[in-house]
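To start, the structure itself, in structure tokens.
Protein chains: 2
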Amino acid sequence: MTYPWPDAGTPLEDVPTPMPVIDEDRLAANIARAQAYFDGHGMAFRPHIKTHKIIAVAEAQRAAGAVGLNCQKISEAEVFADAGFEDILITYNILGAAKLRRLRALHERVPRLAVVADSATTVDGLAGAFDAARPLTVLVECDTGGRRCGVQTPEAATDLAARIAAAPALRFGGILTYPATGGASAVEAFIAGTMTLLAARGLDCPVRSSGGSPDLWKAHLVPSATEHRAGTYVYNDRSMVRAGHCKRQDLAMHILATVVSRPAEDRAVLDAGSKALTSDLLGFADYGEIEGHEGARIVSLSEEHAVVDLKDCRGAFPAIGSVVHIVPNHTCVVSNLFDRMVFHRGGIVTRVEEVAARGTVW
Amino acid sequence: MTYPWPDAGTPLEDVPTPMPVIDEDRLAANIARAQAYFDGHGMAFRPHIKTHKIIAVAEAQRAAGAVGLNCQKISEAEVFADAGFEDILITYNILGAAKLRRLRALHERVPRLAVVADSATTVDGLAGAFDAARPLTVLVECDTGGRRCGVQTPEAATDLAARIAAAPALRFGGILTYPATGGASAVEAFIAGTMTLLAARGLDCPVRSSGGSPDLWKAHLVPSATEHRAGTYVYNDRSMVRAGHCKRQDLAMHILATVVSRPAEDRAVLDAGSKALTSDLLGFADYGEIEGHEGARIVSLSEEHAVVDLKDCRGAFPAIGSVVHIVPNHTCVVSNLFDRMVFHRGGIVTRVEEVAARGTVW
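Which chain is which? The protein sequence lines are G and E, in order.
Counting in the UniProt record's numbering, the first sequence runs from 1 upward without gaps.
Counting in the UniProt record's numbering, the second sequence runs from 1 upward without gaps.
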């Protein structure tokens, strides 16, 4: 199906809703500010593409000075490899014969490709799928308090590193953590402790990679880390404002939505439901903020409707047919719903970019 | 990007994860059972395409006897019109010049197209965009307890119906409600009350449309309704089992996921996160059920990871690299994340269908 996405020059008022839109100036400022911070601290910065999945945005991150990209899936890395990116870290345990074959094909054409592992099963699978002639770089994923993946102790990290280093088809690249919950001192202690143990075994640990947008401005408080990875900082969202990562004027993504119903005095309905905003609450009690209408709360979503409780809304709420601007709780999942993303400067559409790595599966 | 979706004949074990898969036999049984129910009660049945967004599934629903389709967006209706569907109801307030132009173009080529309205603003917009030579059918959306859109009283419904009937470019088609919360008697009272008021004004009300999968088997308890609309019944999900709408053996969609990490004794991590399952809780405390592993609870999702709490898991949980089958809380939002859907019979892939109406915007 051909679909009439807005041309450059279209005012935002004429963009169909529901539609996320990206403010060019805020996007550029977010990219520049984060890169300047890492440059100032002598740390490498590796943006995670999960937030935007757009080639042109990754190119802007690279032009600003990013050392490479962070992907979460082989299929995402393929999209960026096709676009000429030469340094890609896939922060995922890759398992199974089919995915390993695909990873190997990717490795043939990406000059600097690396993955992570947090178990002997993952390491052994990788070791059997690659060749000593072109070893794959593998980092050990560590759990420094995030309680997701990752080995639990510096001792376990060191054992797994030794297993990687012992495999002719693999190269031990370093250690990695996400999210760096637990405070900088705990993360530093885990990393430094692991480095000491690795050194005692004669193992070099060139990369120590920390991650996360909420902790981005504290990355320098982990002096043993050599690089930081982050995604959400590029657009920002309501959760990043709450975390103190950014201010409201740094919010680069809004979702345009139309008021489609005013069934009762205290209720409005918007055309942005869970298929536009997603149901991500991230600890909030409602599904996003409506700019300029404090107290109007998006209390429930169905797939194509947002129900807004106006009980505590100060001032008049826009009439049926009006467009409002919503600050989403979480930008990364919104990008994952749209095939293209509309960019604007000062309310005038500048370009429409394909969300090229959306819908890729493994 | 070309992407190797599985060919027919591939065993599910070789399908890349995370991936939703549809059981052909359960799908066919769900379609047949619902249609037989409505046939038995002499009610028309209008499936909502929101759950599948797939042309072939809609064709199966039509072949079983569905009177037409229910869409939520103009762009969805365009996809099904392109596929030759001739009876489409868009259950949405369509507002704004651009969408009205697009709706008019659709009306030129769909023999039986109808929309809904719950305000004078929506009705007046439609009235100004269509012609008496080819009037558009408009139903009045009523709020019978669902507290989403809809006029609040039979009196308001009647007034809006009169406004539609008075517009030369529009035809009053009847009344509609969703969801029919509040119990069958309340819905029946609203519909019957509106019909009485309409009759007093000399207005015919040919269609009385109720909706929702949870209430599907109670549709006959609203004798004044002439048709019912439902989407989720076609795949079913965890919320439908809880609602008593279906049994576990009627669950046609599972999400295949791989165990990618076992960082601790009481924790496993799967490769299905909020970008595969969505964050829809629908009142549940966790993000889906893992078939055959009672007590293993998906307690948190990040974008590409599900964290499984194994504290109360009975028996051994599958090892790293194993594939598990997840019953999603909500199927409709899962369909909205994937460009194609994999179908199987007895664990062997039968076909891969494009989710053709996914990613359409207005």
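The beta-carbon is built from N, C-alpha and C at its ideal position, and this holds for glycine as well.
Determine the contact status of residue i and residue j, defining contact as a CB-CB distance below 9 Å.
i        : j        : result
G/Tyr233 : G/Ser213 : yes
G/Leu256 : G/Leu12  : yes
G/Glu354 : G/Phe343 : no
E/Leu197 : E/Glu155 : yes
G/Leu160 : G/Ala120 : yes
E/Leu277 : E/Ile326 : yes
E/Gly146 : E/Pro179 : yes
E/Asp266 : E/Lys311 : yes
E/Lys73  : E/Asn336 : no
E/Pro318 : E/His254 : no
G/Ala129 : G/Leu103 : yes
E/Thr258 : E/Glu76  : no
Using three-state DSSP, classify residue i as helix, strand or coil.
i                      : result
E/Met43                : coil
G/Glu141               : strand
E/Ile326               : strand
E/Ser210               : strand
E/Asp7                 : coil
G/Ala167               : coil
E/Cys149               : coil
G/Gly231               : coil
G/Thr360               : coil
G/Ile290               : strand
G/Ile55                : helix
E/Val187               : helix
E/Cys332               : helix
G/His219               : A small correction: the amino acid at residue 219 of chain G is Ala; His does not occupy that position in the sequence shown. Looking at G/Ala219 - three-state DSSP - the assignment turns out to be helix.
E/Val307               : strand
G/Arg201               : coil
G/Ile49                : helix
E/Leu100               : helix
residue 364 of chain G : Shown here, chain G extends from 1 to 362; a query on residue 364 of chain G therefore has no answer.
E/Leu277               : coil
E/Ile348               : strand
E/Leu282               : coil
Can you round the beta-carbon distance between residue i and residue j to whole angstroms, since I take them to be within the 8 Å contact cut?
i        : j        : result
E/Val123 : E/Glu141 : E/Val123 to E/Glu141, Cβ: 11 Å. No contact.
G/Gly68  : G/Leu95  : Not confirmed; about 23 Å, so no contact.
G/Cys149 : E/His305 : 7 Å
E/Ala252 : E/Asn236 : 6 Å
G/Gln61  : G/Ile31  : 6 Å
E/Ile290 : E/Val241 : In fact, because the Cβ distance is near 14 Å, the residues do not count as touching under 8 Å.
E/Pro263 : G/Asp118 : 6 Å
Could you tell me whether the Cβ of residue i comes closer than 9 Å to any Cβ of chain G?
i        : result
E/His344 : no
E/Val234 : no
E/Lys275 : yes
E/Tyr92  : yes
E/Glu155 : no
E/Ser279 : yes
E/Gly359 : yes
E/Leu89  : no
Is there a C-beta anywhere in chain E that falls below 9 Å from the one on residue i?
i        : result
G/Ser261 : yes
G/Ser224 : no
G/Val352 : no
G/Trp217 : no
G/Pro318 : no
G/Met19  : yes
G/Thr181 : no
G/Thr122 : yes
G/Thr258 : yes
G/Lys311 : no
G/Ser119 : yes
G/Val57  : no
Checking the sheet assignment: what are the DSSP bridge partners for residue i?
i        : result
G/Pro20  : G/Ile255
E/Thr177 : E/Cys142
G/Met341 : G/Glu353
G/Arg112 : G/Asp87
G/Ser239 : Looking at the DSSP assignment, G/Ser239 forms no beta bridge with any residue, so it has no partner.
E/Val269 : E/Ser261, E/Val307
E/Arg134 : E/Asp131
E/Ala117 : E/Val140
E/Ile298 : E/Val308
G/Phe172 : G/Val138
Give the interface partners of residue i over in chain C, defined as CB-CB distance under 8 Å, in chain order.
i        : result
G/Ser302 : Considering every chain present, this structure includes no chain C. Its protein chains are G and E.
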